[in-house]
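Visitor: Note that the UniProt record's numbering has the sequence shown beginning at 1, numbered continuously upward.
All C-beta atoms in this analysis are idealised placements derived from N, C-alpha and C, irrespective of residue type, glycine included.
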Amino acid sequence: MEESQNYGHRHPLLLLLNEHQPIVANCSRCGEKVSTPCFSCAQDCGFYLHKVCAEAPLELNHPFLLDHPLLLMQIAPYSFGHYICDFCHKEDNKFVYHCSCELDFHIKCALFTFNIAENNLKELDHVALHDPLISTENGDYVAMCFGCCEPLANYTHFSPDFGFNLHEKCAKLPLKLNFTLSCKICKEISPRGFVYGCTYYKSHQHTFTRLLKRVPYICDACGFERIYVAYTCSTCSIMVHKRCTTLPRIIKSKWHDHRLFHKYFLPDEVRSSDCIICHNEVNPKHGSYCCSHCNITFHVRCVTEDKGLYSIVSLENEDEMPNESSIIVIERNDAGEATKIKHFKHMHNLTLGPFDGGYGNSCNGCMLPITDPCYYCSECVFFLHKTCAELPKMMNVWYHYCQEPLALISDKVFGCAECWLISNAFAYECCGCEANICLRCVIALTPGARTSLKHKHPLFYYRRQREKCNACGTANVGVFCCKDCNFVLDLRCFSLPIKARHKCDEHLLSLMDHDDNSYSKSHHCDICENSRHPNHWFYHCATCDTSAHVGCVLRRNYPFLKLGNIYEGTDHPHPLTIVKKKYYYPNCDKY
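#1: If we require 4 or more residues per run, which alpha helix (DSSP H) segments fall completely within the stretch 482 to 527?
#2: Could you tell me if C431 is buried or exposed, where buried requires 16 or more neighbouring beta carbons within 10 angstroms of its beta carbon?
#3: Nearest-angstrom Cα distance between N476 and K468?
#4: Between C302 and H50, what straight-line distance do the alpha-carbon atoms span, to the nearest angstrom?
#5: Tell me K468's beta-bridge partners as DSSP assigns them.
#6: Under 8 Å Cβ to Cβ from P531, same chain only, skipping five residues before and after it: list those, please.
#7: Just list the residues that DSSP pairs G415 with in beta bridges.
#8: Looking only at its own chain, which residues have a Cβ that is under 8 Å from the Cβ of P77, when we skip the five neighbours before and after it?
#9: L563 and K580: beta carbons closer than 8 Å?
#10: Can you give the Cα-Cα distance for Y375 and G415, rounded to whole angstroms?
#11: Are at least three pairs of beta-carbons, each pair with one atom in the stretch 479 to 495 and one in the stretch 504 to 521, less than 8 Å apart?
#12: Count the other CB atoms within 10 Å of the CB of W420; is the residue buried (16 or more) or exposed (fewer)?
#13: Counting Cβ pairs, one atom from each stretch, are 3 or more of them under 8 Å apart for the stretch 279 to 298 and the stretch 329 to 341?
#14: Can you find the residues in the same chain that come closer than 8 Å, C-beta to C-beta, to M1, ignoring five residues on each side of it along the sequence?
#15: Would DSSP call I75 helix, strand or coil?
#16: Please go through the stretch 267 to 352 and give each complete beta strand (DSSP E) segment of 3 or more residues, from N-terminal end onward.
#17: On the DSSP bridge list, what partners appear for D92?
#18: Taking DSSP's pairing of strands, which residues face C233 in a bridge?
#19: Is the Cβ of E281 closer than 8 Å to any Cβ of chain C?
#20: Hey, out of R555, E506 and G551, whose CA is closest to T543's CA?
#21: Excluding sequence positions up to five away, which residues of its chain have a Cβ less than 8 Å from the Cβ of K386?
#22: Considering only the alpha carbon of each residue, which of A389, E418, W398 and E429 lies closest to A407?
#23: Using the C-alpha atoms, what's the distance from N470 back to V550?
#24: Check whether the Cβ atoms of L384 and N361 sit closer than 8 Å, and answer yes or no.
#25: Please confirm whether I251 and V329 have their CB atoms less than 8 Å apart.
#26: DSSP state of I370, grouped into three classes?
#27: By alpha-carbon positions, which one of F80, V52 and A143 ends up nearest to N115?
#28: So C30 and H11 are in contact, right, with Cβ under 8 Å, and what is the actual spacing, rounded?
#29: Between P22 and the rest of its own chain, which residues show a CB-CB distance below 6 Å, the 5 nearest in sequence each way excluded?
#30: To the nearest whole angstrom, what separates the beta carbons of T304 and C275, a pair I think is in contact under 8 Å?
#31: Is the beta carbon of N436 closer than 8 Å to that of A449?
#32: What does the Cβ neighbour count give for E137, buried or exposed, with the cut at 16 atoms within 10 Å?
#33: So if DSSP puts E59 in a beta bridge, which residue, or which two residues, is it bridged to?
Structural data, given as structure tokens:
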């Protein structure tokens, strides 16, 4: 027995070394039963400490937590005083090793894992090592190794006196491991046990310090004001939320073609701009994600709220994978514009020029009427809008949640997953689920301002906003809205063709956004002969005074099917050719 320092106790402590000395008491730091060697109060006030608990350092730099030290605290810094150990998952209200990222450990759990991580197996000499031949079954319960979650009886194992079990082989695992495969190779989440995690990115170059008081502040990382526990970086003079301490510096988002970099403060030359996703202003004085190529910005919350829409870029100097172009440029003009190209979906070269063929021809990519500028084929009837021709072979889109990319296809009859219309023009097909999205929807849903020939202001797509469409009167979630007025269009009405053809009239029908005729009996559809709303959009022929519902013209007439294409996706035993309907046609004599 010898006298030692008091380790925070008001009386001197005695170190008890006699193994045969009976002690019936609990450790005042960990709450478990004590045995020698241990410390006891010299004045016999009932204060006892395990020697390990007494000599635990006030600050522990744990190899599992490279960014923050563990601080030894008498009580957990929570209003309720209790905590759950993040190692053994047991609740306690005694001394705790606490990390500013709100990780908590029992003293013995923290020291045990510290020795495992440091490979200090000599420090575990006091822990009994059990032979695998000895049964670890207790009734229906089979003891499991924390490291690999396999039964202890499979291998030689440690069984510490605080109820924690670990295979010897798991205790000898290296702290670091070079591995060539993805850290998400099995796509399984383990709630317990040891795991190897990538350390390929660092969210911030300095350590954050946690403020124990809750104060109202604007987070310098995301720009949101909340009353949260704050984390500060004294070097950078910033204050952030807990979740923002681990924001990745570089991400690749489905919302944009280039990598996005997180910035706490935007440069002076970047004034306030609107977020590409929510279209509200991004304050340059607070954190955001931005693209250095395109000079566009995103709110942190907008671009990271859906983990399926972005991935973390591992290295800052990692080469970006460019989208492979669909065209090969053959000739350019003095301004650098491609005037002759070879598109991988057409056999002949295409030339950029004005279109003079009227509305009888449509773009082979989107099936909408041809407008300037366009690429045309001088050897056959083939047209592509310049925008449609420049779309890449492969792309990712934010509104398709499958993790696989989409490939550009053509000459396949499909139903668009977004607008539900039938087409056989160009489309993007998911390499995973094989869903198809028409080019009209792909272009319409590309982030940024959009224009409509039926409205003078730019329109912006709000994916979670529910509004009534001005064109059809239907309320939908996900609409194009005007910031300057109350004009709203849903996706299908936004992509309506300005001109359409129907058998009810020999002329092309024009899309109208209102009916100037106030006579109520004229407000009917000449196709279905039902009434129509005078303020809803409709198709009209001014020459014949023919008017029709949009749905009657488009959905019953398949305006986005190219004539002459072969279709084999039916129960009919022969390939079918898409042609204009004939009212008196012969039966198939080979059926």
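Guide: Taking the definition as stated:
#1: 491 to 494
#2: As a first step, residue 431 must be located in the sequence shown, where it is residue number 431. Exposed.
#3: Mapped onto the sequence shown, residue 476 falls at position 476. Mapped onto the sequence shown, residue 468 falls at position 468. The alpha-carbon atoms of N476 and K468 are separated by roughly 6 Å.
#4: Taking the first residue of the sequence shown as 1, we reach residue 302 at position 302. Taking the first residue of the sequence shown as 1, we reach residue 50 at position 50. Cα-Cα distance, rounded: 51 Å.
#5: The count along the sequence shown starts at 1 and reaches residue 468 at position 468. Paired residue(s): A475.
#6: As a working mapping, residue 531 is identified with position 531 in the sequence shown. Note on identity: in this sequence residue 531 is Ser, with Pro being the wrong assignment. So the list reads H523, H524 and C525, once near-sequence residues are dropped.
#7: By 1-based counting over the sequence shown, the position of residue 415 is 415. Paired residue(s): I422.
#8: Taking the sequence shown and counting its residues from 1, the one referred to as residue 77 is at position 77. These residues qualify, in order along the chain: H98 and L212.
#9: For the purposes of this step, residue 563 is taken as the residue at position 563 of the sequence shown. For the purposes of this step, residue 580 is taken as the residue at position 580 of the sequence shown. Their beta carbons are under 8 Å apart, which means L563 touches K580 by this criterion.
#10: Taking the first residue of the sequence shown as position 1, residue 375 is located at position 375. Taking the first residue of the sequence shown as position 1, residue 415 is located at position 415. Cα-Cα distance, rounded: 26 Å.
#11: no
#12: Sequence index remark: in the sequence shown, residue 420 carries index 420 (1-based). Result: exposed.
#13: no
#14: Reading the sequence shown from its first residue, position 1 is the one you call residue 1. With a pLDDT of 46 at M1, under the threshold of 50, the predicted position of this residue should be treated as unreliable, and no value is reported.
#15: As a first step, residue 75 is located in the sequence shown; it is residue number 75 there, counting from the start. DSSP places I75 in coil when its eight states are reduced to three.
#16: 288 to 291, 296 to 298, 310 to 312, 327 to 332 and 338 to 343
#17: Start at 1 with the first residue of the sequence shown, and residue 92 comes out as number 92. Per DSSP, Y83.
#18: To locate residue 233, count along the sequence shown from 1; it is residue 233. According to DSSP, C233 bridges with I238.
#19: Going by chain labels, chain C is absent from the structure shown, which holds only one protein chain.
#20: On the sequence shown, residue 543 is found 543 positions in, with the first residue counted as 1. Of the candidates R555, E506 and G551, the one whose C-alpha sits nearest the C-alpha of T543 is E506.
#21: Position 386 of the sequence shown, counted from the first residue, corresponds to residue 386. Taken in chain order, the residues that qualify are L352, P373, C374 and Y375.
#22: Along the sequence shown, read from residue 1 onward, the residue named residue 407 stands at position 407. Of A389, E418, W398 and E429, the residue nearest in Cα terms is E429.
#23: By 1-based counting over the sequence shown, the position of residue 550 is 550. By 1-based counting over the sequence shown, the position of residue 470 is 470. For V550 and N470, the distance between alpha carbons rounds to 13 Å.
#24: In the sequence shown, counting from the first residue as 1, residue 384 sits at position 384. In the sequence shown, counting from the first residue as 1, residue 361 sits at position 361. No. Outside cutoff.
#25: For the purposes of this step, residue 251 is taken as residue 251 along the sequence shown, with counting starting at 1. For the purposes of this step, residue 329 is taken as residue 329 along the sequence shown, with counting starting at 1. In this structure, V329 does not lie closer than 8 Å to I251 by Cβ.
#26: One-based indexing of the sequence shown puts residue 370 at position 370. Coil.
#27: As a working note, residue 115 is residue 115 in the sequence shown. Of the listed residues, the one whose Cα sits closest to N115 is V52.
#28: Your numbering for residue 30 matches position 30 in the sequence shown. Your numbering for residue 11 matches position 11 in the sequence shown. About 20 Å separates the two Cβ atoms, so there is no contact after all.
#29: Within the sequence shown, the letter at position 22 stands for residue 22. Closer than 6 Å at Cβ, skipping near neighbours: no residue.
#30: If you number the sequence shown from 1, residue 304 lands on position 304. If you number the sequence shown from 1, residue 275 lands on position 275. T304 to C275, Cβ: 12 Å. No contact.
#31: Locating residue 449 in the sequence shown gives position 449, counting from the first residue. Locating residue 436 in the sequence shown gives position 436, counting from the first residue. Not a contact, by the Cβ cut-off of 8 Å.
#32: If you number the sequence shown from 1, residue 137 lands on position 137. With a pLDDT of 48 at E137, under the threshold of 50, the modelled position of that residue is not reliable, and the figure given next carries that caveat. E137 is exposed by the Cβ-count criterion.
#33: Working through the sequence shown from its first residue, we reach residue 59 at position 59. DSSP, once it has assigned bridges, lists L71 as partnering E59.
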